[in-house]
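First the structure, in the form of structure tokens, and then the observations on it.
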Amino acid sequence: CLVNGAGLAMSTMDLIKLHGGEPANFLDVGGGANVDQVTEAFRIILADENVKAILVNIFGGIMKCDTIVEALLTAYDKIGITVPLVVRLEGTNVEKAREMLTASGKAIITATDLTDAAQKVVATLSA
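Here the sequence shown is numbered in this note's numbering, starting from -3 and rising by one per residue.
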């Protein structure tokens, strides 16, 4: 999973396990990640052969949700992400960020909350 906060990483991995998944790893991009950092984060995560899907769980407090989505969409194109990608966002500019994801036309699964995200990422593994 890709998150912005260690506590968020722990709770995200716990919920994935609760719903039957087995997290391969996590990467905390912190509160001020830019396009290059998010792109590199995806490269690092995808270098692990055990990664079969990615759950992005971002709380936009310091970092705005639309900023992380802009970086995520750029990284998606640069890397050519081929595993299922589930995105859960909450915080500053979340509605704008959700609109950006929908308008992108990319195969990105959006989630309404963390439980929904965990269930959706686990479901992609059995599809």
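Glycine residues also receive a C-beta, built at the ideal position from the N, C-alpha and C atoms.
Keep in mind that this is a model prediction, so the values were computed, not measured.
When you measure from the CB of residue i to every non-hydrogen atom of the ligand FAD, does any distance come out below 7 Å?
i, result
"Gly101", "Absent from the structure shown: the ligand FAD. Ligands present: none."
What does a CB cutoff of less than 6 Å around residue i pick up in its chain, not counting 5 residues either side in sequence?
i, result
"Leu85", "Ile54, Cys61, Ala93"
"Phe38", "Ala71, Ile75"
"Gly87", "Phe55, Gly56, Gly57, Cys61"
"Pro80", "Ala49, Thr120"
Please classify residue i: does DSSP put it in a helix, a strand, or coil?
i, result
"Val65", "helix"
"Asp109", "coil"
"Ile77", "coil"
"Val34", "helix"
"Val25", "coil"
Got a sec, what are the start and stop residues for the alpha helix (DSSP H) residue i sits in?
i, result
"Gly3", "2 to 14"
"Val52", "That residue, Val52, is in no alpha helix (DSSP H); its beta strand (DSSP E) goes 50 to 56."
"Ala92", "Correcting the residue identity first, residue 92 is Lys in this sequence and not Ala. That run of the alpha helix (DSSP H) goes 90 to 100."
Expressed to the nearest angstrom, what Euclidean distance is found between the alpha-carbon atoms of residue i and residue j?
i, j, result
"Glu45", "His15", "22 Å"
"Gly1", "Ala107", "19 Å"
Got a sec? Which residues, its chain only, sit under 8 Å from residue i by beta carbon, not counting five neighbours each side?
i, result
"Met9", "Cys(-3), Pro19, Phe22"
Would you grab the beta carbon distance between residue i and residue j for me? Rounded to a whole angstrom, and I think it's under 8 Å.
i, j, result
"Asn89", "Gly56", "7 Å"
"Ala113", "Leu51", "6 Å"
By the DSSP assignment, the beta strand (DSSP E) with residue i in it spans what residues?
i, result
"Glu86", "81 to 87"
Taking 7 Å as the limit between beta carbons, can you name the residues of its chain near residue i, skipping five residues before and five after?
i, result
"Ile104", "Leu81, Val83, Leu97"
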